[in-house]
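> First the structure, then my questions, so here it is.
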Amino acid sequence: SSGINAEYGEFVNEVLKNDLKYVLEQRDSVYEEISEYTKLQTYIDRVHPIKKRPIKSKVNIGCEYFMQAEVKNTDYIFVDVGLGLHVQCTFEEATRVVKKKIDQLTVKAEKMTDKSCDIKSRIKLIVQALAELQGLDKEQRNPQIDIFN
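Count along the sequence shown from 1, then add 19; that gives the number in this note's numbering.
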C-alpha cells in the first residue's frame, strides 16, 4: 500500500503540480497581453482626438525603455493582430480590433482558469484519498478495541 501511496504522491508532485504551474504561467501571459491591448486602447483614446500634426510621444521600445518619437501622420495606427502580423488601421478600425482581441483573450484566460481549477481539484482529491488510505493502514496495524460494548 505504501508503494501505491508513493506512486500517487509522485504523480501529484511530478505531473499535476507541473501541469498547474504551466497553465497558470500561460494564463498570466494572456493577462499580460490583455494589459497591453488595454494600454493600446487608452493610447488610441488619447491620441485620436488630437488634430495637430506631428505628435510627439514616448514609445516603449521594449523592457519598459521609452524613446521620444515624432508621428507625422496620425491617420493610421499599426495593430498587432497575432502571429507577428501588424495591420495598418484607422483609429476606429483599431478600436474594433482591440476590443475583439481583448474579448478573445478574456475567453482564453477564463478557459485556463477553469483548467487550473480542474487540476487543483484533482490534486486535492488524490491527496485526500492518500490521507484516507494512510489512515486505514494505521487502523489495520493498530486495531481499536471498543471497551464500552
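We put the beta carbon where it would ideally sit given N, CA and C, even for glycine.
Using the Cα positions of GLY22 and ILE142, report the straight-line distance between them to the nearest angstrom.
18 angstroms
> Quick one, which of ASP122, THR125 and THR114 has its alpha-carbon nearest ASP64's?
THR114
> Tell me which residues share the same chain as PHE97 and place their Cβ nearer than 6 angstroms to its Cβ, disregarding the 5 neighbours each side in the sequence.
HIS105 and GLN107
> Buried or exposed: where does ILE166 fall if 16 or more other Cβ atoms within 10 Å of its Cβ makes it buried?
In this predicted model, ILE166 has a pLDDT of only 36, less than 50, meaning its place in the structure is not dependable enough to derive any value.
> Which of the three DSSP states is assigned to LEU59 in this structure?
helix
> Return the first residue and the last residue of the beta strand (DSSP E) that LEU10 is part of.
The chain is shown from 20 up to 168; residue 10 falls before or after that span and cannot be answered.
> Output the boundary residues of the beta strand (DSSP E) element that contains ASN79.
74-81
> Which partner residues of GLY101 appear in the DSSP bridge assignment?
DSSP lists LEU104 as partners of GLY101.
> Under three-state DSSP, which class holds ILE96?
strand
> With a threshold of 8 angstroms, are at least 3 pairs of Cβ atoms found where one atom belongs to the segment 127-134 and the other to the segment 33-47?
yes
> Under the DSSP definition of a beta bridge, which residues are partnered with MET131?
According to DSSP, which records beta bridges pairwise, MET131 is partnered with nothing at all.
> Mark VAL126 as exposed unless 16 or more other C-beta atoms lie within 10 angstroms of its C-beta, in which case mark it buried.
The residue is exposed, with fewer than 16 neighbouring Cβ atoms inside 10 Å.
> Spell out a yes or no on whether the segment 67-82 and the segment 23-33 are touching, meaning 3 or more CB-CB pairs, one atom from each, closer than 8 angstroms.
Under the three-pair Cβ rule at 8 angstroms, the segment 67-82 does not count as touching the segment 23-33.
> Spatial neighbours of PRO73 within its chain, please: C-beta separation below 7 angstroms, excluding the five flanking residues on both sides.
Closer than 7 angstroms at the Cβ level, and outside the excluded window around PRO73, lie GLU89, VAL90 and LYS91.
> For TYR56, does the count of other Cβ atoms within 10 angstroms reach 16, so buried, or fall short, so exposed?
With 16 or more other Cβ atoms inside 10 Å of its own Cβ, TYR56 counts as buried.
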